[in-house]
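In this note's numbering, the protein residues as written are 4 to 398.
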């Protein structure tokens with residue numbers, strides 16, 4: 004009988020296996036995919052963004068006290084030390100993203116697989132867990148190939164995001180059958196669909212912008228690169244804001260794009276520097292010209308209009324509109340385009356100091372299956388590694 008059986012071979016499951024086995028426990032790791040760490044391989048567009056130098060809890064949606072407890076046991080510095088101690092040199096890039104100096108996810112995967120072998124973890128690939136039954140002091144786990152017995156079980160089966168990588172709802176179903184509450188799921192770190200007939204004309208255009216979400220009780224602003232698509236918006240700023248946007252719609256929040264985050268009052272003098280210049284040409288100093296050419300007509304401004312032909316009030320109206328352009332949200336793109344899924348096993352039913360279930364002794368949870376979701380930039384990977392470590396050391 005195993006001391007610990009882990010369901011899921013992502014960052015949380017692998018870290019838990021290494022940690023528990025490194026302390027003398029007999030561990031078996033089961034994964035439904037033919038190889039471990041598929042999501043690790045695609046993290047950071049294959050560069051493997053494992054963490055972030057700025058671990059502000061504001062970057063996460065979910066129980067902040069739960070997160071604080073987990074990170075007090077294993078934070079970003081501890082994770083970096085874990086890899087560098089094993090010969091993986093890391094670097095920090097823009098927006099605090101932490102990744103291997105090789106810029107290859109294979110570097111991280113190879114390190115983790117070597118640790119599994121060194122610590123004698125039994126790995127079973129290509130096995131889907133069909134049932135998980137709790138007995139008095141043990142668990143019975145059935146897959147399509149075998150039946151396993153273990154004293155303790157960790158469910159780290161990930162989320163339903165990225166189904167093309169083998170993700171599904173199996174972990175949530177196992178948790179639900181054992182009496183756990185599953186917070187409603189929705190795509191996160193995902194492109195957004197819009198209502199309207201203007202944005203498709205800007206397909207492929209990128210712009211540094213702000214997304215402003217104005218709710219009844221809270222207003223949030225996200226800054227970064229925005230990408231227009233045929234269905235709406237994407238790009239880093241959209242992915243980061245997507246969960247808050249979707250959740251805020253329930254409270255009739257309004258969403259705006261600020262196309263002029265770098266516009267300053269003193270720039271208003273530029274209107275008169277070349278008064279013969281067409282308005283779209285003037286605005287191209289602040290936004291891609293295609294945006295000006297397509298949005299000015301919506302405001303009733305002819306694209307041939309020259310700067311000198313606008314009075315102060317008309318100029319202010321244009322700048323105000325481009326600084327707070329309303330968008331109507333249709334919804335998110337599907338899970339196949341989502342980097343993560345929000346929702347999952349309720350944190351109120353998990354002991355944050357151990358990752359053990361408060362309902363079923365000996366049952367643990369870690370990683371994305373828990374109702375904790377971070378923004379893009381290594382936050383979800385960090386939580387997966389951290390919660391996996393806490394579970395592994397607790398066992």
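Note that the Cβ used here is the ideal one computed from N, Cα and C, for glycine as well.
Item to complete: Give the range of the beta strand (DSSP E) segment to which residue 198 is assigned.
Response: Unbroken beta strand (DSSP E) run through residue 198: 195 to 198.
Worksheet item: Does the segment 201 to 219 touch the segment 34 to 43, meaning 3 or more C-beta pairs lie closer than 8 Å?
Response: no
Worksheet item: Which partner residues of residue 209 appear in the DSSP bridge assignment?
Response: 230
Worksheet item: With which residues is residue 328 paired in a DSSP beta bridge?
Response: 260
Worksheet item: Looking only at its own chain, which residues have a Cβ that is under 6 Å from the Cβ of residue 129, when we skip the five neighbours before and after it?
Response: 37
Fill in: Cβ neighbour criterion (16 or more within 10 Å) applied to residue 20
Counting Cβ neighbours within 10 Å, residue 20 comes out buried, since at least 16 surround it.
Worksheet item: Between the Cα of residue 188 and the Cα atoms of 194, 134, 164 and 260, which residue gives the shortest distance?
Response: 164
Item to complete: Entirely within the segment 166 to 190 and at least 4 residues each: give me those alpha helix (DSSP H) ranges in chain order.
Response: If we require 4 residues or more, the alpha helix (DSSP H) runs fully inside the segment 166 to 190 come out as 173 to 180.
Worksheet item: Counting only runs that start and end within the segment 29 to 62, where is the alpha helix (DSSP H) found for 4 or more residues in a row?
Response: 41 to 45
Item to complete: Please name the residue, chosen from 393, 363, 383 and 369, that lies closest to residue 57 on a Cα-to-Cα basis.
Response: 383
Item to complete: Look at residue 310 and residue 283 and say whether their C-beta atoms are less than 8 Å apart.
Response: Taking 8 Å as the cut-off, the beta carbon of residue 310 is found no closer than this to the beta carbon of residue 283.
Worksheet item: Which parts of the segment 120 to 160 are runs of the beta strand (DSSP E), unbroken and 3 residues or longer, counting only runs that do not cross its ends?
Response: 125 to 128, 132 to 137, 142 to 146 and 150 to 158
Worksheet item: Can you name, in chain order, every residue of its own chain whose Cβ lies under 6 Å from the Cβ of residue 151, other than the five neighbours on each side?
Response: 8 and 144
Worksheet item: Mind pulling the alpha helix (DSSP H) runs of 4 or more residues that sit fully within the segment 283 to 338?
Response: Counting only runs of 4 or more, we get 292 to 298 and 315 to 326.
Discussion item. Mapping the DSSP letters down to three states, classify residue 367 as helix, strand or coil.
Written reply: In the three-state reduction of the DSSP assignment, residue 367 falls in the strand class.
Discussion item. Could you give the first and the last residue of the continuous alpha helix (DSSP H) run that contains residue 240?
Written reply: 239 to 251
Worksheet item: Do you know whose CA, among 244, 208 and 237, lies nearest residue 400's CA?
Response: Within the shown structure, residues of the chain are numbered from 4 to 398, placing residue 400 beyond reach of any answer.
Discussion item. Suppose the cutoff is 6 Å on Cβ atoms and the five residues either side in sequence are ignored; what does the same chain contact list for residue 134 look like?
Written reply: For residue 134, where only same-chain residues beyond five positions count, the Cβ hits under 6 Å are 145.
Practice prompt. Mind checking who residue 103 pairs with in its DSSP beta bridge?
Written response: According to the DSSP secondary-structure assignment, residue 103 is paired through a beta bridge with 93.
Fill in: Distance, residue 94 Cα to residue 100 Cα
Between residue 100 and residue 94, the alpha-carbon positions lie close to 8 Å from each other.
Worksheet item: Hey, residue 160 and residue 391: beta-carbon distance below 8 Å or not?
Response: no
Item to complete: Spell out the partners DSSP gives residue 5 in its beta bridges.
Response: In DSSP, residue 5 forms a bridge with 153.
Fill in: Bridge partner(s) assigned by DSSP for residue 224
Answer is 215.
Worksheet item: Taking buried to mean at least 16 other C-beta atoms within 10 Å of its own C-beta, is residue 5 buried or exposed?
Response: buried
Discussion item. So the candidates are 205, 174 and 59; which of them puts its Cα closest to the Cα of residue 294?
Written reply: 205
Worksheet item: From residue 82 to residue 241, what does the alpha carbon distance come to, in whole angstroms?
Response: Spanning the alpha carbons of residue 82 and residue 241 requires a straight line of approximately 28 Å.
Fill in: Beta-carbon proximity check, residue 332 vs residue 197, cutoff 8 Å
Contact flag set, yes.
Worksheet item: Where residue 181 and residue 138 are concerned, what is the direct C-alpha to C-alpha distance, given to the nearest angstrom?
Response: Going by the C-alpha atoms only, they are around 11 Å apart.
Discussion item. Using a Cβ distance threshold of 8 Å, determine whether the segment 224 to 239 contacts the segment 359 to 377, with at least three qualifying pairs required.
Written reply: no
Discussion item. Mapping the DSSP letters down to three states, classify residue 192 as helix, strand or coil.
Written reply: coil
Discussion item. Below 8 Å on the Cβ atoms is my contact criterion, and I expect residue 340 with residue 194 to pass it. Report the Cβ-Cβ distance as a whole number of Å.
Written reply: Approximately 6 Å separates the beta-carbon atoms of residue 340 and residue 194; this is inside 8 Å, confirming the contact.
Discussion item. If you reduce the DSSP assignment to three classes, tell me which class residue 391 lands in.
Written reply: When DSSP states are grouped into helix, strand and coil, residue 391 belongs to the helix group.
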